[in-house]
Every structure is written in C-alpha cells, then in structure tokens.
Amino acid sequence: MARLAFLLPFLGLLTVPTTAVLTISAALNVIEYVPLLTTSEDYYNSSAVFINGGVATLVRNSSVDLGANAETQALRNYANNTSLRIIWNIAEVPYRLVANRAAGISSLSDLKGKRVGTINGTSAGYFVEQLLKTVGLEYGDYQTIPGNICHEAPCGNRTFPDLLAKGEIDAFGIWEPTLQLGIDALPEKKAIVFQDRKVYREIYNLHSTKEKLADKKKRREIVHFLKDLIKAQRVFEEEPEKVYARVSAAVNVSVPLLEKVWRVHDWSGGIPRDLVDVLEEEEIYIARVDNRTANSREHVAKMVDGSVLVEALALLRKERGHGKGRGWGRGWN
Numbered sequence: 281m282a283r284l285a286f287l288l289p290f291l292g293l294l295t296v297p298t299t300a301v302l303t304i305s306a307a308l309n310v311i312e313y314v315p316l317l318t319t320s321e322d323y324y325n326s327s328a329v330f331i332n333g334g335v336a337t338l339v340r341n342s343s344v345d346l347g348a349n350a351e352t353q354a355l356r357n358y359a360n361n362t363s364l365r366i367i368w369n370i371a372e373v374p375y376r377l378v379a380n381r382a383a384g385i386s387s388l389s390d391l392k393g394k395r396v397g398t399i400n401g402t403s404a405g406y407f408v409e410q411l412l413k414t415v416g417l418e419y420g421d422y423q424t425i426p427g428n429i430c431h432e433a434p435c436g437n438r439t440f441p442d443l444l445a446k447g448e449i450d451a452f453g454i455w456e457p458t459l460q461l462g463i464d465a466l467p468e469k470k471a472i473v474f475q476d477r478k479v480y481r482e483i484y485n486l487h488s489t490k491e492k493l494a495d496k497k498k499r500r501e502i503v504h505f506l507k508d509l510i511k512a513q514r515v516f517e518e519e520p521e522k523v524y525a526r527v528s529a530a531v532n533v534s535v536p537l538l539e540k541v542w543r544v545h546d547w548s549g550g551i552p553r554d555l556v557d558v559l560e561e562e563e564i565y566i567a568r569v570d571n572r573t574a575n576s577r578e579h580v581a582k583m584v585d586g587s588v589l590v591e592a593l594a595l596l597r598k599e600r601g602h603g604k605g606r607g608w609g610r611g612w613n
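Position in the sequence shown (from 1) plus 280 gives the number in the numbering used here.
Right under this line is the structure:
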C-alpha cells in the first residue's frame with residue numbers, strides 16, 4: 281500500500297482509500313522522510329498511505345492525518361492554520377555551505393559581493409542568511425541565485441552543483457545530498473565547506489492537527505505509529521547499514537552517496553529542548569519573507585504537543601516489559 285501511494289499525486293487522488301488507516305504527507309524525494317516509509321512497511325500493523333506534499337497538504341486536506349516538513353514550513357503554515365501540531369522530531373540536519381576556493385573564498389567573510397545559491401523562503405534560505413550574519417554580512421551584501429536540487433551525478437543543467445562547477449555561482453547552501461554533490465563537482469581541494477550547528481540545523485518534524493488528535497480512534501492509530509517510528513529511527517541511528525539500500529531505493533540516491541551524507545543526519549528523535557527557541561527566532565524570518573507580522577513566542581509555542589510522545593513511550597515500555605525507556609532519544613524519555 282505504501283509504495284502504491286507514490287502514484288496518488290499523479291492520479292489526482294486527494295482522498296484516502298478506505299482501506300488506509302493513516303494518510304501521511306511528505307516530500308517523497310527527501311532522505312528525511314524515509315523512516316516514515318520504513319515504519320509503515322516493517323513495524324506498523326495497520327495500513328498507511330503516502331502522498332507527496334508536507335504540512336501544507338496536512339492542514340488543507342482533511343483526509344491527511346500526518347505531515348512531515350522542516351520547521352520553517354511548519355511556521356509558514358501555522359500562521360494561517362493554528363490547528364497544526366508538532367509531535368515528534370524525525371531528523372536534525374546541520375546544513376552545510378560549499379564554496380569554490382577558485383573564486384577567492386577562504387573564509388565566510390569572503391562571500392561579500394559573491395553569488396550564493398540557495399532557495400529563499402525555505403530552510404536553506406534561512407540557513408544561508410543566518411550563517412553569513414555570523415561574519416557581519418547582511419542580506420544584500422551578497423547575491424542569492426536560485427537553482428535546482430540534484431540527487432545523483434551527473435547533475436543536470438541549472439542544478440546547484442552544475443552552477444558551481446560552471447562558475448555561475450561562487451557558493452551554495454542547501455540540504456543533502458545536493459550539497460555533497462556540489463563538493464564532489466569541484467576539483468580536488470577546491471571545495472571549502474562551512475557548517476555551524478549552533479547557527480542552524482534543520483529540525484525535520486512529524487506533525488498532526490488538533491482535530492486529528494482530538495479524535496480518539498485516530499489518535500490511537502497515530503500513537504501506535506509513533507511508537508513504531510521510534511523503533512525504526514533507532515535502526516537509522518545505530519545500524520544505518522541495514523537501511524542504506526532501502527533509503528537508496530526510496531529517494532533514488534546511491535548508497536555510496538548516502539554513506540557520505542549520513543553523518544550529517546541525526547535520527548535520535550524526540551522533541552528538541554530548544555525547539556520553541558528555534559521557532560521563535562525563525563518566525564521573524566518567515567514573517568518577513570511572507571510579508572506578515574511575526575507571531576509571539578507564546579503563540580508559536582502552542583504548535584508543540586508532547587502528549588502524543590508521552591503516550592507512545594508508555595506503549596513502548598509496556599511492549600518491552602519494563603518501566604523506563606532505554607535511551608530513546610536525547611533527554612525526553
């Protein structure tokens with residue numbers, strides 16, 4: 281069922297087949313979503329169907345139960361759909377920026393006046409802006425250039441790695457594996473990489489809605505799915521060699537490339553302790569990009585709902601037959 285769901289967007293099927301217990305919306309070409317697919321295929325006892333999308337689909341389509349996206353897109357959609365809830369972190373990914381030394385770049389400050397590829401209004405756009413602020417560069421001190429992502433070499437025309445290799449941009453910041461392909465596209469020792477987890481890491485979360493969580497039957501299924509997702513992510517975190525082939529097949533990224541970028545991904549899960557701090561700060565950026573007034577910390581904090589995780593952990597402990605969870609993530613068990 282899960283694999284057949286890849287066809288739904290192309291067939292125009294916006295409602296869920298009656299046999300599906302849960303419908304999950306995510307970008308079906310990103311590495312971060314694959315633990316959800318693995319959960320549905322290997323652990324979850326009921327049926328789940330996937331449609332291409334994310335939290336925007338979740339809040340606009342009442343037949344969707346769960347949605348996965350980076351925190352930036354959650355903020356964008358929460359502004360007009362306050363029923364959105366973050367219930368779990370799937371992955372944390374400290375983004376990277378690659379620059380071409382041949383363009384005269386040996387430090388971040390050298391990007392002043394340079395052409396920097398990114399996708400404005402996304403997690404990548406926020407990352408680039410925040411990273412360059414650390415050396416005093418404001419938006420406008422450099423030129424942002426749009427481009428496309430790439431999942432495997434050779435990267436096509438107008439993708440970020442292609443633009444970097446051709447000298448049409450001097451650097452770019454984006455999610456993986458496109459960033460790694462940019463590193464690989466440059467001659468040996470010509471790539472310089474910048475990364476700072478304290479400045480930005482993508483917090484790719486699982487979401488539901490207030491209405492779905494208020495439905496006792498639907499909530500029970502969501503709790504069970506989350507309980508099984510915790511199991512799946514433990515494999516992603518501790519035994520990645522067991523899932524490389526699965527991830528490769530799901531998102532069309534070669535295993536050797538996955539092995540290069542896997543270390544950038546943290547699959548520990550949970551709800552990050554600083555999530556509300558991050559949301560408060562990023563809300564300012566998203567509001568500016570979307571030309572609206574930024575919401576308060578108290579407002580965006582209501583998007584985070586830890587109650588589903590509490591119930592999922594209780595199920596997991598009962599299933600495993602002992603009173604306390606055994607290291608299921610950082611500081612939340």
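Ideal placement from N, C-alpha and C gives every residue a C-beta, glycine not left out.
Taking 7 Å as the limit between beta carbons, can you name the residues of its chain near Ala300, skipping five residues before and five after?
Same-chain partners within the cutoff: Met281, Ser327, Ala328 and Val329.
Of the listed residues Gln410, Lys598 and Trp368, nearest to Leu377 (C-alpha basis)
When only C-alpha atoms are compared, the closest one is Gln410.
Following the continuous alpha helix (DSSP H) through Asp357, name the residue where it begins and the one where it ends.
According to the sequence provided, residue 357 is Asn. The question's Asp does not apply to it. Membership of Asn357 in the alpha helix (DSSP H) is indicated by the continuous run Glu351 to Tyr358.
C-alpha distance - Gly334 paired with Val544, whole-angstrom precision:
Each residue's Cα considered, the two are about 22 Å apart.
Alpha carbon of Lys470 to alpha carbon of Asn380, nearest angstrom:
Answer to the nearest angstrom: the Cα atoms are 6 Å apart.
Please classify Val296 as buried or exposed, where buried requires at least 16 other C-beta atoms within 10 Å of its C-beta.
Here Val296 scores only 45 on pLDDT, less than 50, and its place in the model is too uncertain to base an answer on.
Starting from His487, follow its DSSP beta bridges and name the residues at the other end.
His487 pairs with Gly347 and Ile366.
Short check: CB of Val310 to CB of Val531, under 8 Å?
Against a cut-off of 8 Å, the Cβ pair of Val531 and Val310 comes out as a contact.
Once the 5 residues before and after Thr337 are set aside, which same chain residues still bring their CB inside 7 Å of it?
Closer than 7 Å at Cβ, skipping near neighbours: Ser305, Ile331, Val344 and Gly347.
Assuming Ile463 and Val396 make a contact with CB atoms under 8 Å, what is their CB distance in whole Å?
Rounded, the Cβ-Cβ distance is 16 Å, inconsistent with contact.
For Arg438, name the three-state secondary structure that DSSP assigns.
Annotated three-state conformation of Arg438 is coil, per DSSP.
Excluding sequence positions up to five away, which residues of its chain have a Cβ less than 6 Å from the Cβ of Leu595?
Leaving aside the five residues that flank Leu595 on each side, the residues in its chain whose CB is nearer than 6 Å to its CB run, in chain order, Lys507.
So which of Phe407, Ala574 and Pro315 has the shortest CA-CA distance to Arg481?
Distances from the CA of Arg481 to each of Phe407, Ala574 and Pro315 were compared; the closest alpha carbon is that of Phe407.
Which of helix, strand or coil DSSP assigns to Val473:
The answer is strand: DSSP assigns Val473 an E or B state.
My parser needs the alpha helix (DSSP H) runs of 4 or more residues fully inside the region 377-452; what are they?
Whole alpha helix (DSSP H) segments, 4+ residues: 403-413 and 440-445.
Would you report the Cα separation of Glu432 and Lys496, rounded to the nearest angstrom?
Distance from the CA atom of Glu432 to the CA atom of Lys496, rounded to whole angstroms, is 43 Å.
Do Asn575 and Glu563 have their C-beta atoms closer together than 8 Å?
A contact, by the Cβ cut-off of 8 Å.
Would you check if there are 3 or more beta carbon pairs closer than 8 Å linking the region 473-489 to the region 348-363?
They touch, by the three-pair rule.
Can you check which of these residues, Leu509, Ala567 and Gly436, is closest to Leu589 by C-alpha distance?
Nearest option by C-alpha distance: Leu509.
Inspect the beta-carbon positions of Tyr358 and Val584 and report whether they are closer than 8 Å.
Inclusion of Tyr358 and Val584 in the CB contact set at 8 Å is not warranted, their separation being larger than that value.
If you draw a straight line from the C-alpha of Leu308 to the C-alpha of Glu521, how long is it?
A straight line joining the alpha-carbon of Leu308 with that of Glu521 spans about 21 Å.
Assigned secondary structure, Asp546 (DSSP; H/G/I helix, E/B strand, else coil):
Reduced to three states, the DSSP call for Asp546 is strand.
With Ile564 as the anchor, note down where its alpha helix (DSSP H) starts and where it stops.
Boundaries of the alpha helix (DSSP H) harbouring Ile564: Leu555 to Val569, taken from the DSSP string.
Spatial neighbours of Arg499 in its chain, beta-carbon cut-off 6 Å, leaving aside the 5 residues before and after:
Leaving aside the five residues that flank Arg499 on each side, the residues in its chain whose CB is nearer than 6 Å to its CB run, in chain order, Leu493.
Taking all protein chains shown into account, decide if Glu456 is buried (16 or more other Cβ within 10 angstroms of its Cβ) or exposed.
Answer is buried; the Cβ neighbour count reaches 16.
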